[in-house]
Structures are given as structure tokens and as C-alpha cells.
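Residue numbers (our numbering), protein chains in the order written: chain L, 4 to 180; chain B, 325 to 561; chain G, 634 to 1067.
Here is the structure we will look at, set down as C-alpha cells.
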Amino acid sequence: MRKNLALVACLFAVFAMLSLSGCGSREEVMVDPIDDMEPAEDVGAISGDDLPLAEVSDETVYTEPVSSVFTDIHFEFDQYNILARDEAVLQRIANWLRENDQVRVMIEGHCDERGTNEYNMALGEQRALAARRYLVGLGVGAARLGTVSYGEEQPLDPRSTEDAWSKNRRAHFVVSE
Amino acid sequence: MNRFLIISASAHVVLLFILPFIPGIFTEEEMGLDVYSVELVEIRSRPVRVETPEPEPEVEENVETPPEPAPEIVEERIPEEPAPQRRVAVRRDPPEERESLADRLAERLRSQDEERTDEPEVEQQPVEPVASASATVTVSRFPYAWYLSIIQGKVSSHWRQPSSRLITQDQLSTQVSFRIRRDGSAELVTVRRSSGLPNVDQSAVKAVRDSTPFPPLPDDYMEDHLDVTIDFTVKQE
Amino acid sequence: MLEMKRRRAPLAQLALSLMLLAAVTASAQVHLNVSKAFGQKVIVAVPLFELEGGTIVDPVAARDVLEFDLGHSGFFDIVGNREFVDETEIDDRISARIAFQEWSALGAEILVKGKIGGDLTEVYVEATIYDLAQGKAIFGRRYVGSRERWRDAVHSISDDIVFKLTGETGIAKTKIAFTSSVTGSKEVYVMDYDGENLRRVTRQNAIALSPDWFPGGEEIVYTIIKEGRHQCWRTTIAGSGTKLTAFPGLNDFASPSPRGDEILMSLSKDGNPEIYRLRADGTDPRRLTFGRSTESSPCWSPDGRRVAFVSDRAGVPQVYVMGASGGTPRRVTLQGNYNTSPDWSPKGDLIVYTSRVGGTFQICTVDVETGETIRLTSGAGQKEDPSWARDGRHVVYSVKQGGKTDLYMIDIYELEPVRLTSGAGDYLSPAWSD
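Shown next, in the form of C-alpha cells:
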């Protein structure tokens, strides 16, 4: 945890320097934690995402020209921890995002049909948040990453097989500008 | 005056002693007096009429006509809804769904014909204590059978019997009494006679409490309360 | 001395007389015996409604509604043989009297005689209840309204009958909100509790989720996934709605407080799904839970002092109970390793929830104080999202079986599921109004 905080502190310093040097035209978004919130235990709280709504809804989502970068990552049944085999994918995404800092990403969390509809909505959110936490840990600005859970509402494969289920347990990245 | 007082007092005392033995005064069953007793089991087991009776032209044994005075029919208006409703046609379940209620009732009537309040012939290994199946209702001046059925039904369905492991005897019984007020609320819930096991007693009291409110006392029942005593019997079988 | 005695004697005489009088007059006393095997029901006969004027309303349908209401209340059994019932009714009408003994011979204790009259604009629905044992009427009621509202009129009479005969508040006029994608997008719908009168509430063309009622049965709160974000909305049944919240991440499982002035929600805006308490207009979120685990599906106790919710802090989802202002949660589900979707009974003692039992989701209740757990459903079919009726006796839930999901209701004492929906499409996420 301390390591993460130190890392983020460094990143902030880097960003501040970049802004000052005029590298980016975007205004740096300062994070205001909610007053009654406890100090962050992990990265999540720092990424307090309170962008005004209008900004998001004006954006258009375009089909991913970099679909080779933003591939789905997957999860085990009832779990939301990032699997070792997906770490390379997330690294690739983080690298790309650092190079293309005008882009924002909505991370979708999905579940297979087992589990109740209601709990799967929370589980899907945890999967999206896990991917986001990981990316922030790799240096991506937290304010650029949003999460949305679809629970079991939008399976990739509607069949009731192990194969279909494991495809459906995923986090999916939607890129927008 | 002295003499008068003594004679009057003696007469009163004598009367008080005689009183219990005069039939019709007290209503407690234990007094062994003439009580109006209704067996609910019997009412239920009247068979459903299988054939139409022969028409009896002259004799009328039933109570006549619509009751007088007819009860005042309270009228109320259904409030209008703000927006028109759009209805989606929904196919109702085929009649089998509703017949099941009827079938179940017929089944119940039939099975209650069969099962009586006698002990089962075969002695079986006690698994869980099954409560006794008797239901006698002792009534006096409260001829509302439906009201008593409701009390009995609610209290039975709310009664969560405690674990059987603590019951060592063949049969345990808690007697709980309470008073129903005019509006159906209950008060003075007390354990008149303990079963000896506090959790059995508590389950009985809880059953009564969970069953409130009871129905409001019938309109033409003149008194302002009804005293009820219930025996909760748990029997090993 | 003598004088004093002279004055006392009449008083003593009076006292003794009064004592005697008291001993003689006693109010009615009743002695009953109760056993488990005897869940007694009152048997009711419901003949066809009588029509005054033309056939403004189908008397068969009207009788069906009344019979459904009384038959499912949990206190009555309906005399099943309709042929005999209707024959007896016809005899009554021909002879212009009520043949009480004939009705009793059918096994009934209570008789409900209904009547419908009026014209195309305004109808009245009337019923009189008779105590057959005594051969007299107990009470009568009439409702007047537009012809389209005839069902509501019959339901109102049913509730009145249930209250008069049992003291309980009936559910005949209540509604169930749910979601369905029969139009292509998942929207919120409302129907009468008996499965009739389905009408669509939302037109968001998005994904509507987990509707819940505000007290009063007029407004619904729900979540929608729209344009890639979760939002929480509040709407009237007629369909006019406003957005309440649109925080980043979850804006889910909104649950109005018993007084309707606040809502509980699960929000993930601070990086993790937690329980928040907000004003009913979506402002002033106050966080109630802290930690790294997943907190979701909150609901209120009926006195508004406590909340129940789902947390996976123990590794798997379980139901916890906590003060409504926060504090240390106490786990209440003690059986099973996947327990979700709690709803707190209006009577305050039980929480109903979904539990995974051997691979299938079933509906269970747990006593909040004693921990006693009772399974309400069994067999195949995934049962989810239970919601209490206001009588604390009936629960509605969804059942997914054979590729279709429908809504069922169950009486927690009778334990016989009753299917409510049968149309095309799936019916999910039910919530019962009060």
C-alpha cells in the first residue's frame, strides 16, 4: 500500500511537470474527496471520479481502432481479482493510454448467468473496479477511467456451457474521446 | 338492626356456598355444568351435497328472507387515476390453477372425515413431537363460530413449536389466556398454567402476540371484550 | 354504639349484594385448543354476482376476482363446487330469500353475496357477508366508480371482508412492480398483485433494474443503465420521472425508507461498492459502510432504525444487519454460502432472502433475533428477488425455469406457490407495493 501511494505521488509530480511544460492542453482535474470519507485505503479513493455529467454524455463512442490493445480480460467464477494471465494485457493498455492521454475509457464489468441477477450487478462492478485499480497502479490517470456494471445482462455467449460462461466473465474496455 | 344484619349476612353466605351447585350460573367447564359445546370438527365434516334434495313445497324450516334489519351498506367511491391505463393482454392460467383450490378443499373435507381425534393405532418411533389433533371449543354466549375459527387458525399458523429434544414426557400443555378488546387488539396475555418448560410457554405466548390484531368483535356482540383461553398441546407420537 | 351500627347495616347489606351480583354476571368466555395439525380456515361460499341492469361487468370475472382475493388471503377456503354454489344461489334468487341451511350444507360458514349495477359510465359493486351458523348478515359494503375500475372496487370489498373477519390488512389492492423486456428493452411495469392489469411505466429504451416502491404505492425508484452509465430515477406510475443520482459507477438497489423521506443505495463512487443513505431527492449521500468488501442490496427495517444488506466481507455474500446510521454489522444468515437480496418483513421479525441451496436458488426466511431459518421454496427453478407484501405473510419472487422467468407469490404459512404471470417474455425483479 505504501508502495502504491509513493508511486502515485511520483506520478502526480510527473503530471504536474508535464502540465507546466505545456505538453497537454487538458486541464488537470483536481480530486476532491467527499468530506465524510475515510482516508483512502487503496488507490480507488484517490481516483474519486466526479466529472460533471455533461462532459461524458457529449462524447461519442467510436469502434476501437486499437482493438488489438483493448482486449477483454477474464475472471474466475464468483471472483473479481485480476488473473496473472491478464497482467500483460493491462500493461499494454496502460502503455497505450499513457501515450494517448486525450482518450478516456469506460470499463464494463460482466458476469456469467449463474449467481443472482442482483448480486451479479455488484460483482460486475467489482470486476470493472479491479481493472481500473490495476491500470491506475500502472500510471493511468484515475479520472480517465470510468466503470459500469452490466451484471449478467449482456452475455457475449448466451449458451449455458462452461465455455460460454468463462467468456462472459469479463471486463470490457470502451474507448472514447 | 343487629339481628337483621346477621340474618342477611348469613343468608348471603349460604347463597354463596350454594351458588356453584346451581346449574347454569357459571360457565367454566371445570364446574361440570351445562355448557353449550360446539365441535368444530363436526361442522367441517358435513359432506358436500351430492344430489339435489326433493323439493319441499310447503314446509320452510330455514330462517326467512334477507335478514332484518339489513345491515347498513357503507358506500365509498373509488378515486380516479390520473392517467389512462394501457392494458397488456395477459392470458390467465387455465382453470386447472383455480380448480386446485377447490380440489384441495374437497380433499380436506374428505380427509377430515377420515381422521378423528382418536389416537393412532400403531405406535411409531417418536421423531418430532406432533401436536395433538383435538379441537374442542367450549362456548358460552359467543355463538360466532367463524370468529373462533379465525382465532384458532391464526394462532395455529403462528405457533412455532420449540425443539423436541427437551420434551421428555408424552404430552405437554401450556394454557394461555388473553382478552380481546372490541377493536380486535389483545391484552392481559398470561400463562395460566405452565407446561414446565419455559420455551414451550414462550412459544405459546408469542403465537398469541403474533396473531394480533384479531378481528374486531362482531357488531351485535354487546360486551366490550372477549376472554379467551387456549391450550397449546405438544404430544409425542 | 347502637346508632353507628344502625348506619352501617345497610352499607354492609349493599356490599354483600353487590358481591353476589358480581359473582353472577360474567362476560363471555371461550376456551380453545390449538395444535399444529389444525391450521383452521373459515369456509366461504362465493356465488356469482347478481346483476342489476345489463351486463355492465362480467359477473363471472367479478366472482373470480373476489374468490382469488379471499382464497389467497390465507384465512379462507372457498367452497369448491361451483355448480352447487350457483344452483343454491339461483334457488335463493327465485325464492327471494336466503336458504341459510342449504348454504351451510355445502360446508360453508360464511356467505358472500355480490351485486353489480350501474351503466356504462358509472358502476357500483356491492357485497353482503352472512354468518351462516346464525343466519344473519355481518356487514355490507358498496363501492362506486367508473366502469374501468370495477376490479379495484371488488378488491376493495375483498380487503374489507378480510379486515372484518380477520382483523388483518388485506393485500387485494396492492400492486407489484417488475421489469420485463417484452418490448425489446428492459422497462419497469406495474400490475395488480393478482397478475392482472399489466401496464408499462418507463420508456427509457435502456436497461431498467431493481424497481422499488415509495410508501403510498404511487411512485417507484429504479436504476437504469443508459448511455453506458448507471443512473437512479424516480417515477410515478403514470410515467413521469426525474433523475435522482448519476454518480460514477453504481447507482443501484435504491430502497426508500418506511417514511419515504430517504433512500438507501449502493454506490461505488469512492472506489468500492458501499451502502449510502441519501435524501429522497438523491442529495446528501452519507456513507454507512467502510472497508474493502462488496456491500450491496440494502433495505430498511420497518421502524427505519436498522438496515440489512449483502456483504462479502466473510468471503462469500451473506446478509448483515446494522444500525441505520452505520456501526458494526451483524451477520444474520447463518446457513449456506451464498445469501443475497434481503427484504425485511413489515412485521419486523423476519428477513426474506435468496439462498443458494445445493446449486439452486431458493427463497428463505431468517428470524432476525433467533436466527431460525426456514426455506419457503423447493425443487427446480432459480428463485430470486423476494419482496414482502404489506401483510408480512405473502412474498413475491421470480422463478427461472425452462428458459422463462415468471413471477410467483407464496404464503409463508401455506407454502404453496401461486403463479402470477403467464404472458410472453420474462418477468423479473418484483417489488410489492404497500
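No residue lacks a Cβ here, since even glycine has one placed at the ideal position from N, Cα and C.
Rounded separation between residue i and residue j - CA only
{"i": "residue 953/G", "j": "residue 120/L", "result": "19 Å"}
{"i": "residue 482/B", "j": "residue 747/G", "result": "32 Å"}
{"i": "residue 132/L", "j": "residue 174/L", "result": "9 Å"}
{"i": "residue 537/B", "j": "residue 785/G", "result": "25 Å"}
{"i": "residue 335/B", "j": "residue 554/B", "result": "37 Å"}
{"i": "residue 754/G", "j": "residue 778/G", "result": "8 Å"}
{"i": "residue 713/G", "j": "residue 697/G", "result": "12 Å"}
{"i": "residue 85/L", "j": "residue 134/L", "result": "7 Å"}
{"i": "residue 1041/G", "j": "residue 497/B", "result": "38 Å"}
{"i": "residue 459/B", "j": "residue 1045/G", "result": "Note that residue 459/B scores a pLDDT of 38, beneath 50, so its modelled location is shaky and nothing firm can be said."}
{"i": "residue 1022/G", "j": "residue 979/G", "result": "8 Å"}
{"i": "residue 864/G", "j": "residue 918/G", "result": "15 Å"}
{"i": "residue 818/G", "j": "residue 882/G", "result": "21 Å"}
{"i": "residue 505/B", "j": "residue 511/B", "result": "8 Å"}
{"i": "residue 690/G", "j": "residue 950/G", "result": "50 Å"}
{"i": "residue 331/B", "j": "residue 338/B", "result": "10 Å"}
{"i": "residue 982/G", "j": "residue 139/L", "result": "45 Å"}
{"i": "residue 2/L", "j": "residue 109/L", "result": "In the structure as shown, chain L starts at 4 and stops at 180, and residue 2/L therefore has no counterpart that could be examined."}
{"i": "residue 144/L", "j": "residue 921/G", "result": "28 Å"}
{"i": "residue 128/L", "j": "residue 906/G", "result": "8 Å"}
{"i": "residue 535/B", "j": "residue 479/B", "result": "6 Å"}
{"i": "residue 1052/G", "j": "residue 857/G", "result": "27 Å"}
{"i": "residue 812/G", "j": "residue 820/G", "result": "5 Å"}
{"i": "residue 476/B", "j": "residue 81/L", "result": "47 Å"}
{"i": "residue 749/G", "j": "residue 170/L", "result": "59 Å"}
{"i": "residue 969/G", "j": "residue 988/G", "result": "7 Å"}
{"i": "residue 545/B", "j": "residue 466/B", "result": "8 Å"}
{"i": "residue 83/L", "j": "residue 948/G", "result": "12 Å"}
Where residue i sits in the DSSP three-state scheme
{"i": "residue 877/G", "result": "strand"}
{"i": "residue 772/G", "result": "strand"}
{"i": "residue 180/L", "result": "coil"}
{"i": "residue 471/B", "result": "helix"}
{"i": "residue 803/G", "result": "coil"}
{"i": "residue 367/B", "result": "In this prediction, residue 367/B scores a pLDDT of 25, lower than 50, which makes its location untrustworthy; no coordinate-derived value is stated."}
{"i": "residue 510/B", "result": "strand"}
{"i": "residue 524/B", "result": "helix"}
{"i": "residue 556/B", "result": "strand"}
{"i": "residue 977/G", "result": "strand"}
{"i": "residue 735/G", "result": "helix"}
{"i": "residue 532/B", "result": "helix"}
8 Å contact criterion, which residue i and residue j should meet: CB distance rounded
{"i": "residue 675/G", "j": "residue 742/G", "result": "5 Å"}
{"i": "residue 551/B", "j": "residue 673/G", "result": "That belief does not hold up - the Cβ atoms of residue 551/B and residue 673/G are roughly 20 Å apart, past 8 Å."}
{"i": "residue 1010/G", "j": "residue 1050/G", "result": "7 Å"}
{"i": "residue 720/G", "j": "residue 711/G", "result": "Actually they are not in contact, since the Cβ atoms of residue 720/G and residue 711/G sit about 16 Å apart, beyond 8 Å."}
Contact under 9 Å by Cβ, residue i with residue j
{"i": "residue 172/L", "j": "residue 78/L", "result": "yes"}
{"i": "residue 835/G", "j": "residue 878/G", "result": "no"}
{"i": "residue 914/G", "j": "residue 899/G", "result": "no"}
{"i": "residue 153/L", "j": "residue 90/L", "result": "no"}
{"i": "residue 558/B", "j": "residue 499/B", "result": "no"}
{"i": "residue 706/G", "j": "residue 801/G", "result": "yes"}
{"i": "residue 606/G", "j": "residue 990/G", "result": "Residue 606/G falls outside the range modelled here, since chain G spans only 634 to 1067, and no answer is possible."}
{"i": "residue 156/L", "j": "residue 118/L", "result": "no"}
{"i": "residue 1001/G", "j": "residue 974/G", "result": "no"}
{"i": "residue 759/G", "j": "residue 726/G", "result": "no"}
{"i": "residue 744/G", "j": "residue 757/G", "result": "no"}
Range covered by the beta strand (DSSP E) that runs through residue i
{"i": "residue 1053/G", "result": "No beta strand (DSSP E) holds residue 1053/G; DSSP gives it neither H nor E."}
{"i": "residue 714/G", "result": "No beta strand (DSSP E) holds residue 714/G; DSSP gives it neither H nor E."}
{"i": "residue 1064/G", "result": "1061–1065"}
{"i": "residue 704/G", "result": "Per DSSP, residue 704/G belongs to no beta strand (DSSP E); it is in the alpha helix (DSSP H), 692–704."}
{"i": "residue 497/B", "result": "495–505"}
{"i": "residue 675/G", "result": "675–678"}
{"i": "residue 847/G", "result": "Careful: residue 847/G lies outside any beta strand (DSSP E) and carries neither H nor E."}
{"i": "residue 996/G", "result": "993–1000"}
{"i": "residue 662/G", "result": "662–667"}
Closer than 9 Å to chain A by CB, residue i
{"i": "residue 554/B", "result": "Of the chains in the structure shown, none is chain A; the protein chains are L, B and G."}
Endpoints, alpha helix (DSSP H) assigned at residue i
{"i": "residue 708/G", "result": "Note, residue 708/G: premise wrong, no alpha helix (DSSP H); not H, not E."}
{"i": "residue 124/L", "result": "120–140"}
{"i": "residue 584/B", "result": "Any property of residue 584/B remains undetermined from this structure, which presents chain B solely from 325 to 561."}
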